[in-house]
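Presented below is the structure to which this report refers.
In UniProt numbering, the protein residues as written are 1 to 314.
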């Protein structure tokens, strides 16, 4: 296990400083995660992008809930973990209300509970824990995978010899549906093959547009949005002979370890250690380009499948 220091911080590396000429402010800040305050600890969120399933995107709900929780703590407290449950399917036709409860405010740690409500019922619950900065000599981390840099990874735009045309076309279509993040898969699967693949994926990810130097909680909220994208699908890679009938997130957890910039490229390392009982478990790590582990994620979801037409029914 390596233990690179925290040198570099949230603003280190390419892209620091003011936005380049003509660069737009990230829509994640101006729209997606910009909540309307209705009352003390009560907020309303709108929808920017709705998947083809016409269910609310889980990352949006997690990110908006964390924004609401962050409004209820001091500027000096930073989020270190959150634990969420998706309890009902969200309705993309109406806004979401976020009700915050100030569960505990301590000397070092504070807990905020958030309930997301539609049609008078909770669709999502979350507990987020915040911590005042504290140093410790006890430090270690895994080592970041060795992969090509983002410029050498498969892009969603333009031809690339290592990316199957169908996969590139699908990614381009997804990106065209106003998804406010940039994605470059490092090891894209062969979408025309039904052969089992190892349940691992690597993506370079970042927020579209410019966020800049700001309260670290802002970058954590953006990372919460990003973390749910294409995550649960990792559990399906060994089972590609089946057609997906139903797939939805059950819970989502995140731990924040080091400062980062969500508008800088980060490597999203996703893997699924287990699936069974119509559920799949996935784990993820978001790495800064300098090798520092910034965020760890975990999620379990419902996965129901059916036989494809070319499978034998004998």
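A virtual CB, placed ideally from N, CA and C, is assigned to each residue, including glycine.
Taking C-alpha positions only, residue 297 is separated from residue 288 by approximately 15 Å. One thing to note: residue 222 has its Cβ within 8 Å of the Cβ of residue 33. Inclusion of residue 98 and residue 43 in the CB contact set at 8 Å is warranted, their separation being smaller than that value. Taking the Cα positions, residue 306 is about 24 Å away from residue 270. Of the residues assessed, residue 130 falls on the buried side of the cut-off, its CB having 16 or more other CB atoms within 10 angstroms. In this model, residue 126 and residue 151 are separated by some 36 Å (Cα to Cα). Close CB contacts of residue 239 within its chain, under the 8 Å cut and outside five residues either way in sequence, are with 196, 275 and 305 (chain order). One alpha carbon belongs to residue 253, the other to residue 60, and they sit about 14 Å apart. The DSSP-derived three-state label of residue 197 is coil. DSSP places residue 74 outside both helix and strand once states are collapsed to three, so it counts as coil.
The Cβ atoms of residue 55 and residue 30 do not sit closer than 8 Å to each other. For residue 93, no alpha helix (DSSP H) run applies, since DSSP gives it neither H nor E. Excluding sequence positions up to five before and after residue 203, its CB lies within less than 6 Å of the CB of 183, 185 and 268, all in the same chain and listed in chain order. Beyond the five residues adjoining it in sequence on each side, residue 115 comes within less than 6 Å, by CB distance, of 99, 122 and 125 in the same chain, given in chain order. The beta carbon of residue 67 is closer than 6 Å to those of 33, 35 and 221 in its chain, skipping five residues each way along the sequence.
Residue 28 carries a helical assignment under DSSP once its states are collapsed to helix, strand and coil. If you check the CB distance, residue 206 and residue 262 come in under 8 Å.
Counting along the chain, the unbroken beta strand (DSSP E) around residue 184 starts and ends at 181–185.
It is roughly 43 Å from the alpha-carbon of residue 212 to the alpha-carbon of residue 277. Counting the other CB atoms within 10 Å of its CB gives residue 215 a total below 16, which places it among the exposed residues.
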